[in-house]
Amino acid sequence: VHSIAAGKPDEGVQGEDPIARLPLRPSLQVFDEPIDFSLEATVPDPIPFAKKLRDLLERHTRFIVTPEQHATGNQLLNEVSQLSLINDQNRLDTEQEREQEQEQQKEIKQKR
Numbered sequence: 149v150h151s152i153a154a155g156k157p158d159e160g161v162q163g164e165d166p167i168a169r170l171p172l173r174p175s176l177q178v179f180d181e182p183i184d185f186s187l188e189a190t191v192p193d194p195i196p197f198a199k200k201l202r203d204l205l206e207r208h209t210r211f212i213v214t215p216e217q218h219a220t221g222n223q224l225l226n227e228v229s230q231l232s233l234i235n236d237q238n239r240l241d242t243e244q245e246r247e248q249e250q251e252q253q254k255e256i257k258q259k260r
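Following this line, the structure appears as structure tokens:
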């Protein structure tokens, strides 16, 4: 019990399951987030989901223990990155359309 509480792998676990050999305390601390009720003076800039996901994968790499898990994480990151690019392009197209509409409205007002 003391080895688990100290964050050491459970040496009593038999077999080759790499997940069972992960230290318990650090594994649980992944989910421990401080609660902060303070308010910022400004709204922080949003972090793109692909960047946040990449940072999480890098920060918790010790818990990604099998080649399959690495492949799954990389595949998910690639899909999110591709979707982000598509969404960024759609957002740009929408902004350009809005600007064109505004210019057309200005031209119509000027002609009156």
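Whatever position you read off the sequence shown (first residue = 1), add 148 for our numbering. By construction, the Cβ of each residue, glycine as well, lies at the ideal position given by its N, Cα and C atoms. Treat the numbers as computed from the prediction; the structure is a model and nothing was measured.
Check	Outcome
In whole angstroms, give me the CA-to-CA distance for ALA189 and ARG246.	31 Å
Quick one: residues in its chain with C-beta nearer than 7 Å to the C-beta of LEU175, no 5 flanking neighbours on either side, listed in chain order?	A small correction: the amino acid at residue 175 is Ser; Leu does not occupy that position in the sequence shown. Around SER175: PHE211.
With C-beta atoms as the reference, is LEU233 less than 9 Å away from LEU201?	no
Leaving aside the five residues before and after VAL213 along the sequence, list all residues of the same chain whose C-beta is less than 6 Å from its C-beta, in chain order.	PRO166
List in chain order: all unbroken alpha helix (DSSP H) runs of 4+ residues lying wholly within the stretch 180 to 224.	197 to 207
Report the three-state DSSP secondary structure of GLU251 (helix, strand or coil).	helix
For the alpha helix (DSSP H) containing PRO174, list its first residue and its last residue.	172 to 177
Just tell me which of THR209, GLN230, HIS218 has its CA closest to the CA of PHE197.	GLN230
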